[in-house]
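> Following this message is one structure expressed as structure tokens.
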Amino acid sequence: MLALSPKRFFLLAFLTSMFAFANAQCFSFAKNVGKAKLGDFVHDGNYNATILSEGEKAELFKTFFEGQKYRISISKIESLPTIHFKVVDRGGNVLFDNEEVNYSLSWDFEVESTQMLVVEMEVMERKNATDDLISGCVAVMFGVETDKKK
Amino acid sequence: MRSKLTKPFFYFFTILVSASMLSSCGSGSKDKKASEEEKIVESVSVDGKVMDDFKKSKLIFYSLPSPLETAMLIKRAGASYNEELLNPLNNLEKYATNRKMALNLGVYSADLSYTSLFDQTQSSIKYMANTKKLAEGLGIIDAIDENTLRKLENNMNNRDVMMDIISETFMTSNAYLTENDRPAIAVMVLVGGWIEGLYLATELTNGSLENNKRLIDRIIYQKLSLYTVINLLEEYKENEDVAYLLVKANELKVIFDQVKIINTSKVEADTDVDKKVTTIKADSETYISKDVFEKLLEKVSEIRTEFVS
Chain E
1 MLALSPKRFF LLAFLTSMFA FANAQCFSFA KNVGKAKLGD FVHDGNYNAT ILSEGEKAEL
61 FKTFFEGQKY RISISKIESL PTIHFKVVDR GGNVLFDNEE VNYSLSWDFE VESTQMLVVE
121 MEVMERKNAT DDLISGCVAV MFGVETDKKK
Chain S
151 MRSKLTKPFF YFFTILVSAS MLSSCGSGSK DKKASEEEKI VESVSVDGKV MDDFKKSKLI
211 FYSLPSPLET AMLIKRAGAS YNEELLNPLN NLEKYATNRK MALNLGVYSA DLSYTSLFDQ
271 TQSSIKYMAN TKKLAEGLGI IDAIDENTLR KLENNMNNRD VMMDIISETF MTSNAYLTEN
331 DRPAIAVMVL VGGWIEGLYL ATELTNGSLE NNKRLIDRII YQKLSLYTVI NLLEEYKENE
391 DVAYLLVKAN ELKVIFDQVK IINTSKVEAD TDVDKKVTTI KADSETYISK DVFEKLLEKV
451 SEIRTEFVS
């Protein structure tokens, strides 16, 4: 069992309530900021957005279908530190790592063989960070290239 | 859809405190975009141990092929349009429970996407009207308003705009349900849409493994999506409607377990930094016997019939 002191209990309570409040704001962020970054790709319509804090990780499982071209676009609020993201197969082999492309948060994927892949994200921690924990909306949007553009 | 694997204890506090915070939330009058960012960034001082505990948490999201993506997959596989396969519009009046409304919001969203991709604009408008009514029935506010319908009508000849409207309405419904503590309903919408997409694809084969190999391939690979469906449903199986859907998904799994998908080579990636594109490739083999294919068609049709009746 996780033993929490009263101080930690109330800190966690505060953090949690804060995130619940902020979560409700993530939709407008995803719609107004995240979706625009897909450019000419059509958003698939799925909603993947939540509050993340520095140091926190998230994983997203998605099947990528053969013959499709996808754009993954990750949006974050400005004050949140850089997001490190990788695309890995189910065996954990790294297929793409944004660290190698200057931490770009938008990348296209052409798929020649249908695969279930995992998008792994981590909000990096600030250097010389104080005890202040920065949190904010992160939206992961998938765009699909339309026939017209192909 | 997200799953909180390592934050179960957070839920209690969320319910307890968020209500008071939300009720005290005043309407800001500052610049809209600036205030939007301010609302969603927070900073709080915490001690090291709490921070360490917090960082160990990991969110898991499962992303199903959306109705729009499924319709695109069907079209690119060279399948045709068949209006008779759609869930009839007048079935709408049958849907009175949350489960029926949620499942058929997904079903009609898939039909809407299918009609739109095949430029059946009059049908698209009618199916959009039905999704609007179901969204309203589920208490989803403003997902589809009169402006949305008008915009759809005004862009009947612009498929890209129509797809954009459809994707946005689907996201709005999903986000509304997720962010208003109704994730089980959101999952049911997704599953309804997925089953309808699978139903359309299987029916469009006309029962043949030979007519359209690309479409068969698309169907076979839904085995991977079923993994996502089951994981999503498992998260909310304490809800009796979700538990019912999990039984159905597992019945489908028994059949999909007999479908073979084998990667015969390692998954490889080739990144072109200048074009900002990575190509993912692997050699793979798939196999489905005629007998299993027929069972799959039958099961999908059975589940879909239950959903729409």
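Sequences listed follow chains E and S, in order.
Residues in the first sequence are numbered consecutively from 1, following the numbering used here.
Residues in the second sequence are numbered consecutively from 151, following the numbering used here.
Here a beta-carbon is modelled for each residue, glycine too, at the ideal position from N, C-alpha and C.
A quick note: this is a predicted structure, and the numbers were derived from the prediction, not measured.
Counting contacts by CB-CB distance shorter than 9 Å, is residue 47 of chain E in contact with chain S?
Within the first sequence, residue 47 of chain E is the residue found at index 47, counting from 1. Yes - at least one Cβ of chain S is within 9 Å of the one on residue 47 of chain E.
> Using a Cβ-Cβ cut-off of 9 Å, state whether residue 128 of chain E counts as contacting chain S.
The sequence position of residue 128 of chain E within the first sequence is 128, counting from 1. Chain S, which has no Cβ nearer than 9 Å to the Cβ of residue 128 of chain E, makes this no.
> At the level of alpha carbons, what is the spacing between residue 260 of chain S and residue 128 of chain E?
Along the second sequence, one-based indexing puts residue 260 of chain S at 110. Along the first sequence, one-based indexing puts residue 128 of chain E at 128. Answer to the nearest angstrom: the Cα atoms are 49 Å apart.
> What is the DSSP secondary structure of residue 71 of chain E, counted as helix, strand or coil?
The residue labelled residue 71 of chain E in the question sits at position 71 within the first sequence. In the structure shown, residue 71 of chain E sits in a strand (DSSP, three-state: E or B).
> How many angstroms separate the CA atom of residue 470 of chain S from the CA atom of residue 327 of chain S?
Here chain S comprises residues numbered 151 to 459, so residue 470 of chain S is not present and cannot be evaluated.
> Could you list which residues in chain S have their beta carbon closer than 7 Å to that of residue 84 of chain E, in chain order?
For the purposes of this step, residue 84 of chain E is taken as the residue at position 84 of the first sequence. Those do not exist, as residue 84 of chain E stays about 14 Å from chain S at its closest Cβ, beyond 7 Å.
> Alpha carbons only, please: which of S:208, S:210, S:209, S:214 is nearest the one belonging to residue 373 of chain S?
If you number the second sequence from 1, residue 373 of chain S lands on position 223. Looking at the Cα atoms, S:214 is the closest of the given residues.
> Name the chain S residues that come within less than 9 Å of residue 124 of chain E, Cβ to Cβ?
Counting from one through the first sequence, the residue named residue 124 of chain E turns up at place 124. Taking the beta carbon of residue 124 of chain E as reference, no residue of chain S falls within 9 Å; the closest one sits roughly 12 Å away.
> How would you list, in chain order, the residues of chain S whose beta-carbon sits under 9 Å from the beta-carbon of residue 93 of chain E?
One-based indexing of the first sequence puts residue 93 of chain E at position 93. Within 9 Å Cβ-Cβ: 416, 417, 418, 419.
> Flag this pair as yes or no: are the beta carbons of residue 445 of chain S and residue 405 of chain S separated by less than 9 Å?
Along the second sequence, one-based indexing puts residue 445 of chain S at 295. Along the second sequence, one-based indexing puts residue 405 of chain S at 255. In this structure, residue 445 of chain S sits near residue 405 of chain S, with a CB-CB distance shorter than 9 Å.
> Mind checking if residue 218 of chain S is an interface residue toward chain E, Cβ cutoff 9 Å exclusive?
Counting from one through the second sequence, the residue named residue 218 of chain S turns up at place 68. Closer than 9 Å: yes.
> Measuring alpha carbon to alpha carbon, tell me which residue in E:139, E:113, E:133 is nearest residue 121 of chain E.
Taking the first residue of the first sequence as 1, we reach residue 121 of chain E at position 121. For residue 121 of chain E, the nearest C-alpha among the options comes from E:139.
> Using a beta-carbon distance below 9 Å, is residue 105 of chain E in contact with chain S?
Against the first sequence, residue 105 of chain E aligns to sequence position 105. False, the Cβ-Cβ gap to chain S never drops below 9 Å.
> Mind the definition here: the segment 390 to 408 of chain S touches the segment 443 to 458 of chain S only if three or more C-beta pairs lie below 8 Å; say whether that holds.
yes
> CB-CB under 6 Å to residue 443 of chain S, same chain, minus the five flanking residues each way: which ones, in chain order?
For this step, residue 443 of chain S is matched to residue 293 along the second sequence. 359, listed in sequence order.
> Quick one, which of E:66, E:95, E:58 has its alpha-carbon nearest residue 114 of chain E's?
Numbered from 1 along the first sequence, position 114 holds the residue referred to as residue 114 of chain E. When each option's Cα is compared against that of residue 114 of chain E, the closest is E:66.
> Give me, in chain order, the residues of the same chain whose beta-carbon lies closer than 6 Å to that of residue 97 of chain E; leave out the 5 immediate sequence neighbours on both sides.
Stepping through the first sequence from its first residue, residue 97 of chain E is reached at position 97. A distance below 6 Å between beta-carbons, with the five flanking residues on each side excluded, links residue 97 of chain E to the following residues of its chain, in chain order: 86.
> Report yes or no: is there a C-beta of chain S within less than 9 Å of the C-beta of residue 73 of chain E?
Locating residue 73 of chain E in the first sequence gives position 73, counting from the first residue. False, the Cβ-Cβ gap to chain S never drops below 9 Å.
> What are the start and end residues of the beta strand (DSSP E) that includes residue 270 of chain S?
The count along the second sequence starts at 1 and reaches residue 270 of chain S at position 120. Element bounds for residue 270 of chain S: n/a, residue is neither H nor E.
> Assuming residue 64 of chain E contacts residue 49 of chain E under a Cβ cut-off of 8 Å, what Cβ separation, rounded to an integer in Å, is found between them?
On the first sequence, position 64 is the one that residue 64 of chain E refers to. On the first sequence, position 49 is the one that residue 49 of chain E refers to. Wrong, their Cβ atoms sit about 20 Å apart, outside the cutoff.
> What are the boundary residues of the beta strand (DSSP E) that includes residue 222 of chain S?
Locating residue 222 of chain S in the second sequence gives position 72, counting from the first residue. Residue 222 of chain S -> not in any beta strand (DSSP E); alpha helix (DSSP H) instead, spanning 217 to 226.
> Below 9 Å between beta carbons: does that hold for residue 426 of chain S and residue 418 of chain S?
Along the second sequence, one-based indexing puts residue 426 of chain S at 276. Along the second sequence, one-based indexing puts residue 418 of chain S at 268. For residue 426 of chain S and residue 418 of chain S, no; Cβs fall outside 9 Å.
> So what does DSSP say about residue 135 of chain E, is it helix, strand or coil?
Residue mapping note: residue 135 of chain E aligns to position 135 of the first sequence, counting from 1. Of the three classes helix, strand and coil, the one that applies to residue 135 of chain E here is strand, per DSSP.
> Show which residues of chain S have a CB atom less than 9 Å away from the CB atom of residue 155 of chain E.
For chain E, the structure presents residues 1 to 150; residue 155 of chain E sits outside this window and is missing.
> Let's test the definition: count the other Cβ atoms within 10 Å of the Cβ of residue 272 of chain S and tell me whether it reaches 16, buried, or not, exposed.
Position 122 of the second sequence holds residue 272 of chain S. Answer is exposed; the Cβ neighbour count stays below 16.
> Would residue 309 of chain S pass as an interface residue toward chain E - the criterion being a Cβ-Cβ separation below 9 Å?
For the purposes of this step, residue 309 of chain S is taken as the residue at position 159 of the second sequence. Answer yes: the Cβ-Cβ gap between residue 309 of chain S and chain E drops below 9 Å somewhere.
> Can the beta-carbon of residue 41 of chain E be found less than 9 Å from the beta-carbon of residue 71 of chain E?
Taking the first residue of the first sequence as 1, we reach residue 41 of chain E at position 41. Taking the first residue of the first sequence as 1, we reach residue 71 of chain E at position 71. Result yes, Cβ atoms of residue 41 of chain E and residue 71 of chain E sit closer than 9 Å.
> In the structure shown, what three-state DSSP assignment does residue 143 of chain E receive?
Looking up residue 143 of chain E in the first sequence gives position 143. Reduced to three states, the DSSP call for residue 143 of chain E is strand.
> Flag this pair as touching only if the segment 263 to 282 of chain S and the segment 296 to 312 of chain S have three or more C-beta atom pairs under 8 Å; answer yes or no.
yes
> Per DSSP, what kind of secondary structure is residue 316 of chain S in: helix, strand or coil?
Here residue 316 of chain S refers to the residue found at position 166 of the second sequence. DSSP places residue 316 of chain S in helix when its eight states are reduced to three.
> At a CB-CB cut-off below 7 Å, which residues of chain E make contact with residue 320 of chain S?
Counting from 1 along the second sequence, the entry for residue 320 of chain S is found at position 170. Neighbours of residue 320 of chain S on chain E, chain order: 45.
> Does residue 468 of chain S pass the burial test, meaning 16 or more other C-beta atoms within 10 Å, or should it be called exposed?
With chain S covering only 151 through 459, there is no way to say anything about residue 468 of chain S.
> If I'm right that residue 391 of chain S touches residue 338 of chain S with Cβ under 8 Å, what's the distance once you round it to whole angstroms?
The residue given as residue 391 of chain S occupies position 241 in the second sequence. The residue given as residue 338 of chain S occupies position 188 in the second sequence. About 6 Å; that satisfies the 8 Å criterion.
> With residue 458 of chain S and residue 237 of chain S assumed to form a contact (beta carbons below 8 Å), what rounded beta-carbon distance in angstroms separates them?
The residue labelled residue 458 of chain S in the question sits at position 308 within the second sequence. The residue labelled residue 237 of chain S in the question sits at position 87 within the second sequence. Residue 458 of chain S to residue 237 of chain S, Cβ: 5 Å. Contact.
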